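So the sequence shown is numbered by my numbering: it starts at 1 and just counts up by one. Backbone N, C-alpha and C define an ideal beta-carbon position, used for all residues, glycine too. Please read all numbers here as calculations on a predicted model, not as lab measurements. Written below as structure tokens is the structure these notes are about.
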Amino acid sequence: MSDNEMTLTRFEVHGARGPFNAAFFGLMGPFIERHLRPHKRRVLADLPPTVVELGAGVGANVPYLRPGSTLVAIEPNVPMHRRLRAAAERRGVHLDLRERVAERTGLAGQSVDTVISSLVLCTVRDPGEVLAEVRRILRPGGTFRFVEHVAARAGTPTRTLQRALRRPWAWTFEGCSCERDLAGLLRAAGFARVDIEPFRLHTPFVPFNTQIAGIAYA
Ligand SMILES: C[S@@+](CC[C@H](N)C(=O)[O-])C[C@H]1O[C@@H](n2cnc3c(N)ncnc32)[C@H](O)[C@@H]1O
């Protein structure tokens, strides 16, 4: 692997915040899930027998896969792996776990029918690069299904809070930004069609409450 490729594929797990985030999402997962479930049920319906998930975390989306199906999980954050393995085992899902970043999945071009992600494009180093990788690996007609949190409309109180909290938020949640225009990036990424539904959560994590869910077609 060249130095350049090493830099592109490397993910640095922080000694304290890596395990903290694994525990946080393990504990808070059911609360977050309760709020996101109606949207996930829509975009993650009828998943095929093999699914690639970017940033699978501790397995929040495993329940949307049918028992017996295969999850190719691109998850570079090793402290998440134990809980992810346990979630897959509980659901009877075959887990093909890859310690890689979403910018460089290592999967062959046009080899995948469905890619999914939730709450990941906020954290990856370069979401545009990740979307280009998704397009590269999807077969024509394949789908990218996503639920992500995004920047609130400019000038709103939520947007002001997202700006004010950006540093401690990113520090705590390993690079997470609440200020990304992911709908704009998705529409500009060259998919054949992109369906996006914006929605708002009502949780105490206000910067995280502005969300989108949708499906992009390769
Ligand atoms: C906020 S968590 C969401 C986890 C899970 N998808 C969920 O909905 O609960 C963000 C996840 O993205 C992963 N992640 C961060 N940077 C990544 C990258 N470059 N490629 C793939 N996954 C990444 C983190 O390790 C973490 O598991």
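Item to check | Burial state of Leu-219 (16 or more Cβ within 10 Å) | outcome: The displayed coordinates of the chain run from 1 to 218. Any statement about residue 219 would go beyond what the structure contains.
Checklist entry - In three-state terms, what does DSSP make of Arg-200? => result strand
Checklist entry - Per DSSP, what kind of secondary structure is Gly-29 in: helix, strand or coil? => result helix
Next on the checklist: Is the separation between the beta-carbon of Ala-218 and that of Val-194 shorter than 7 Å?
Outcome noted: no
Checklist entry - For Ala-192, is the classification buried or exposed, using 16 other Cβ atoms within 10 angstroms of its Cβ as the cut-off for buried? => result exposed
Checklist entry - Who are the Cβ neighbours of Val-228 in its own chain at under 6 Å, not counting the five residues just before and after it? => result Because the chain in this structure spans residues 1 to 218, residue 228 falls outside the shown range and cannot be described.
Checklist entry - With Ile-137 and Ser-117 assumed to form a contact (beta carbons below 8 Å), what rounded beta-carbon distance in angstroms separates them? => result No, Ile-137 and Ser-117 are not in contact; Cβ-Cβ is about 13 Å, not under 8 Å.
Item to check | When Leu-121, Leu-54 and Leu-71 are compared against Arg-100, the one with the closest alpha-carbon | outcome: Leu-54
Checklist entry - From Pro-221 to Ala-22, what distance separates their C-alpha atoms? => result It is not possible to answer for residue 221, since the shown part of the chain is limited to 1 through 218.
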